[in-house]
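> The opening residue of the sequence shown carries number -14 in the numbering used here; numbering runs sequentially from there.
Glycine included, every Cβ here is placed at the ideal spot set by N, Cα and C.
All values reported here derive from a predicted model rather than from experimental measurement.
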Amino acid sequence: QVQLVESGGGLVQPGGSLRLSCTASGRTFSLDAMGWFRQAPGKEREFVARIWWSRGSIFYADFVQGRFTISGDNAKNRVYLEMNSLKPEDTGVYYCAGRRVPGSYEYWGQGTQVTVSS
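1) Can you grab the Cα-Cα spacing for the pair valine -10 / serine 2, in whole Å?
2) Go to alanine 18, then tell me how far its beta strand (DSSP E) extends in each direction, as first and last residue.
3) With a 10 Å radius around its C-beta and 16 neighbouring C-beta atoms as the bar for buried, classify phenylalanine 14 as buried or exposed.
4) Applying the 10 Å Cβ sphere with the 16-neighbour rule, what's the burial state of glutamate 77?
5) Using the Cβ count rule (16 or more neighbours within 10 Å means buried), how would you classify valine 64?
6) Tell me where the beta strand (DSSP E) around glutamine -12 begins and ends.
7) Report back the beta-carbon spacing between leucine 16 and valine 49 to the nearest angstrom; my notes put them in contact at under 8 Å.
8) Between Lys72, Glu74, Cys81 and Arg30, which has its C-alpha nearest isoleucine 55's C-alpha?
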């Protein structure tokens, strides 16, 4: 099993920045990829970014448009999401997720709230 805990959310003004962290524990060696998702009020959860350890690849949702950067350490126990030029529409609960094989993510954190407002 893998446990994921997010931190770093908060209230920020439009145009501001936040850095989210996700700490993994347990059988982290089994993880093939980790990603970030978000859920805005009244909307479905959506993909934000993913780092695929075994292929060394990173992928972002179109709406990121160069504003966010995902990174992590080689031990697969920490993933970050650096968010810049934040917009009110970036408001939501941000979740860290992990998977062992390509496909659905099996492991989820509890989420951290990000609010972008003046």
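In this structure, then:
1) Between valine -10 and serine 2, the C-alpha separation is close to 20 Å.
2) Counting along the chain, the beta strand (DSSP E) containing alanine 18 begins and ends at 18 to 24.
3) Exposure of phenylalanine 14 is indicated by the presence of fewer than 16 other C-beta atoms within 10 angstroms of its C-beta.
4) First, the residue type needs correcting, since residue 77 is glycine and not glutamate in the sequence shown. Buried, by the Cβ-count rule.
5) Buried, since its Cβ has 16 or more Cβ neighbours within 10 Å.
6) Annotation: the continuous beta strand (DSSP E) that includes glutamine -12 extends over -13 to -8.
7) Their Cβ separation, rounded to whole angstroms, is 22 Å, which puts leucine 16 and valine 49 out of contact at 8 Å.
8) In this structure, Cys81 is the residue among Lys72, Glu74, Cys81 and Arg30 with its C-alpha nearest to the C-alpha of isoleucine 55.
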